[in-house]
Amino acid sequence: MYDLTNIDTIKKLLSAQGFNFSKALGQNFLIDPAVCPEMARRSGVDAATGVIEIGAGIGVLTAELAKRAKKVVSFELDARLLPVLAKTLADFPNTEVLNEDVMKVDLPALIAGHFDADDICVCANLPYYITSPIIMLLLECGVRFRTITVMVQKEAAERICAPVGGKNCGALTAAVSYYAETEYLFDVDRSSFLPPPNVDSAVIRLRPRTAPPVAVTDEKYFFRVIKSAFAQRRKTAVNSLAAGLGKSKAEVADALARLGLPANARAETFTLAVFAQLAELLQ
Ligand code: SAM
């Protein structure tokens, strides 16, 4: 079994393939031996769980997940890593690596084809350049994962886990909290990676809800309202919503007034219930 957090081992494995790190693919591999076991533990996977991992890298988290889970299916877009993964995961027959772009697969079909478990979790150290699209894909794909435990850039973690209606709330906060409960688990310093990125990281856990926390008639329009409200952060919600939804400011101000909100209200003070009611009033 390889020690995948040992820098010499990693360098030997990678240089055998003539590998150089791709910044564009977000290739920063974990070398802190404490992080992957803790992520796998906090994800709550057990011997009955099927796990999806996005971005296997050299398999350092994959191996930790495989020790605990029934089966791990890992996406890895970079074909140069496949021969490395064949070596590092050779001792884990319950792993499968798919050389696919996670953003382009039919996730429900893939999960149905690869797992016989009902209990499916996601655990991954995400490629940061597509953090938001991946999280929204996981929440909107129609599969209810038990937990989604992911490492993201620290600022993204703070934004995603901020309370809706608080000053750090953004469109992603509101959208994620419609689908899931969020928890900020722990920080990971930039020195925990090879090569070290320019940012610090954090691990968060999402627990997808069994039912939405607010009643929404048209989800597409509800998300358009959220996106529009936060599109121009320096402006009041009236200006942002009017511009984003193609409405007059008077119309938007009237909807806000009907909800007891002042015309100079800002989107970061709105709760999910306010967004839902605004969507009903403005559609
Ligand atoms: N899991 C490893 C670790 O923790 O050390 C690697 C994590 S690294 C931050 C992200 C990985 O995602 C890279 O190996 C990269 O090649 C892969 N990746 C990037 N874009 C991807 C995509 N669209 N689909 C699947 N994998 C992708």
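Quick note: the sequence shown uses the numbering used here, first residue 28, plus one each step.
Here a beta-carbon is modelled for each residue, glycine too, at the ideal position from N, C-alpha and C.
Between SER49 and ASP105 the beta-carbon gap is near 7 Å, inside 8 Å, which marks them as a contact.
Looking at the backbone, the Cα of ALA144 and that of GLY197 are separated by about 35 Å. DSSP places ALA75 in the coil class of the three-state scheme, outside both helix and strand.
For the region 79 to 109, the full-length beta strand (DSSP E) segments reaching 3 residues or more read 98 to 102 along the chain. Taking the Cβ of VAL62 as the reference point, every heavy atom of the ligand SAM lies at 6 Å or farther away. In the structure shown, VAL124 adopts extended strand secondary structure according to DSSP, grouped into three states. Of the candidates PRO240, VAL215, VAL230, GLY192, GLY192 places its Cα closest to the Cα of PHE297. According to DSSP, GLN180 shares a beta bridge with SER228.
Non-local C-beta neighbours of ASP128 in its own chain, meaning closer than 8 Å and more than five positions away in sequence, comprise PHE102, LEU104, ordered along the chain.
Remark: C-beta atoms of PRO135 and GLY82 do not approach each other more closely than 7 Å. Look at ASP245 here: in three-state DSSP terms it is coil, with no helix or strand label. Unbroken alpha helix (DSSP H) stretches of 4 residues or longer found wholly inside the region 185 to 218: 198 to 206, given in chain order. The region 199 to 214 makes no contact with the region 29 to 38: fewer than 3 CB pairs, one atom from each, lie closer than 8 Å.
Secondary structure remark: continuous alpha helix (DSSP H) runs of at least 4 residues inside the region 230 to 302, in chain order: 246 to 258, 264 to 272, 276 to 285.
Between LYS254 and VAL265, the C-beta gap is not smaller than 7 Å, which leaves the two residues out of contact.
Closest by C-alpha distance to ILE58, out of TYR248, VAL177, PRO224, is PRO224. Looking at the DSSP output, CYS63 shares a beta bridge with no other residue. Here DSSP, grouped into helix, strand and coil, assigns ALA136 to helix. According to DSSP, residue pairing for VAL149 in a beta bridge involves ILE79, ILE175. Contact between VAL243 and ALA303 holds: their C-beta atoms lie close to 5 Å from each other, under 8 Å. Secondary structure at LEU221: strand, using DSSP grouped into helix, strand and coil.
Pairing ILE175 with VAL149 gives a Cβ-Cβ distance under 7 Å. At least 7 Å separates the beta-carbon of LEU299 from that of PRO222. Assignment of LEU116 by DSSP, reduced to helix, strand and coil, places it in the coil class.
Per DSSP, the unbroken alpha helix (DSSP H) holding ASP35 starts and ends at 34 to 42.
The straight-line gap separating the alpha-carbon atoms of GLU278 and ALA284 is approximately 10 Å. LEU309 sits in a helix when the DSSP states are folded into three classes.
Boundaries of the alpha helix (DSSP H) around ILE162: 158 to 167. Residue pairing by DSSP places PHE56 opposite LEU221 in a beta bridge.
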